[in-house]
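The numbering of the sequence shown is numbering that gives the first Met the number 0, which starts it at 0 and goes up by one.
We put the beta carbon where it would ideally sit given N, CA and C, even for glycine.
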Amino acid sequence: MKKAVPLEQAIAMIPDGASLMVGGFMGVGCPPRLIDEMIRQRRGGLTLISNDTARPGVGVGRLIDAGLVRKVIASHIGTNAVTQRLMLDGSVEVELVPQGTLAERIRAGGFGLGGILTPTGVGTLVAEGKRTLEVDGRSYLLETALKADFSLISAKRADYYGNLEYTLTARNFNPLMAMAATTTIAEAESIVPVGMIAPDAVITPGVLVHVLVGKERAS
Numbered sequence: 000m001k002k003a004v005p006l007e008q009a010i011a012m013i014p015d016g017a018s019l020m021v022g023g024f025m026g027v028g029c030p031p032r033l034i035d036e037m038i039r040q041r042r043g044g045l046t047l048i049s050n051d052t053a054r055p056g057v058g059v060g061r062l063i064d065a066g067l068v069r070k071v072i073a074s075h076i077g078t079n080a081v082t083q084r085l086m087l088d089g090s091v092e093v094e095l096v097p098q099g100t101l102a103e104r105i106r107a108g109g110f111g112l113g114g115i116l117t118p119t120g121v122g123t124l125v126a127e128g129k130r131t132l133e134v135d136g137r138s139y140l141l142e143t144a145l146k147a148d149f150s151l152i153s154a155k156r157a158d159y160y161g162n163l164e165y166t167l168t169a170r171n172f173n174p175l176m177a178m179a180a181t182t183t184i185a186e187a188e189s190i191v192p193v194g195m196i197a198p199d200a201v202i203t204p205g206v207l208v209h210v211l212v213g214k215e216r217a218s
C-alpha cells in the first residue's frame, strides 16, 4: 500500500538536469500542482518530453516561462511564442516529433522495445539522421524508444495501491508516460480507499506508480 507524500517531498526527488515526461494536451490532463512545485523549487536544466508546450502561462508552458527547460521533445510548439523564441535564439533545443510517432516512441519505451518502424516522415526533414528500412517493399523510419527519469502525470482518482482512474480526454498521454519513466509521480484530485475504484475503471495499475500526491499545496 502506498502513502501519499507531501508535494515538496515528491518534487525534491527530481534533480536538476533530469529528463521529464509530463502528461497533458494543451494543458488538459497536466498535473498543475506538480508543475507549481517544480517552479517553486527551481528544478532546472530539464529535458521536457510532452505532447506540446501549451501556451505561455498554461500547463507545461509555465516550465518554459520559468526558464527551467533546456530541451523540448514534443509534437508541436506552434501555440507557444516563448518556446519558439527560445528555440530561435538557441536557448532551448527543440526536437519536433510527429504526434503519433511520439506516442509510439513513448509506448515502446514503456514496453521495453528498442523502437518502432513508421512510414511517417520518410523523405522529409524528419528522416534526417535516421535509419530507413525496407519491409515488404515499403520504406520505414526506425524511431528509437523514449524513456525518462521521471514522469509527472495527472489522474481523477487514485487509491492507496496507486491504481489510477482518468477523466475522458484528460487521460491523453498520461497512461503511456506512466510506463516509460524510471519514477512515476502521480497527482490525483482525490485519493480513495482500495476498492472504491471499479477494476475496469483502472487504466494505470498501481505497480507503475511510485509516488502519490494529493490535493494539498506547498506551504
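Residue environment, residue i, which counts as buried when at least 16 other CB atoms sit within 10 Å
i, result
"S218", "For S218, the predicted model reports a pLDDT of 41, less than 50, meaning its position is unreliable and no value from the coordinates is stated."
"D135", "exposed"
"L132", "exposed"
"S90", "exposed"
"G58", "buried"
"G22", "buried"
"R130", "exposed"
"L124", "exposed"
"P192", "exposed"
"V210", "buried"
"E103", "buried"
"E36", "buried"
"G122", "exposed"
"V206", "exposed"
Nearest-angstrom Cα separation, counted from residue j out to residue i
i, j, result
"Y159", "L85", "41 Å"
"A179", "N50", "14 Å"
"R137", "K70", "33 Å"
"V208", "K2", "11 Å"
"E94", "I76", "10 Å"
"A154", "D88", "36 Å"
"R216", "E186", "Caution is warranted here: a pLDDT of 46 is assigned to R216, below 50, making its placement in the model unreliable, and no coordinate value can be reported."
"S189", "A157", "6 Å"
"P97", "P118", "11 Å"
"P204", "G213", "17 Å"
"A126", "T181", "28 Å"
"Y139", "A73", "21 Å"
"T100", "G120", "9 Å"
"N173", "A80", "25 Å"
"R54", "G26", "8 Å"
"L33", "I115", "31 Å"
"D15", "I152", "19 Å"
"E92", "G161", "34 Å"
"T183", "I38", "18 Å"
"F149", "R61", "18 Å"
"I63", "Q83", "10 Å"
"M176", "R106", "8 Å"
"C29", "T52", "11 Å"
Coarse secondary structure for residue i, derived from DSSP in three states
i, result
"L239", "An answer regarding residue 239 cannot be provided, because it is not within the stretch 0 to 218 covered by the chain."
"T123", "coil"
"I115", "strand"
"M25", "coil"
"M20", "strand"
"V4", "coil"
"V210", "strand"
"V81", "helix"
"A217", "Only weak support is given to the placement of A217: the predicted model assigns it a pLDDT of 43, under 50, and the value that follows is read from those uncertain coordinates. If DSSP states are grouped into helix, strand and coil, A217 belongs with coil."
Residue i CB to nearest heavy atom of the ligand MN below 7 Å
i, result
"V4", "No copy of the ligand MN appears in this structure; indeed no ligand is present at all."
Length-filtered (4 minimum) alpha helix (DSSP H) runs lying within the stretch 47-79: 60-64
Indicate whether the contact test is met: 3 or more Cβ pairs, each with one atom in the stretch 161-177 and one in the stretch 5-17, closer than 8 Å. no
Just to confirm the assignment: which complete alpha helix (DSSP H) runs, minimum length 4, are found wholly within the stretch 131-199? 173-178
Is it true that the stretch 138-145 meets the stretch 101-112, where meeting means three or more beta-carbon pairs spaced less than 8 Å apart? yes
Report yes or no: do the stretch 197-205 and the stretch 35-55 share at least 3 C-beta pairs separated by less than 8 Å? no
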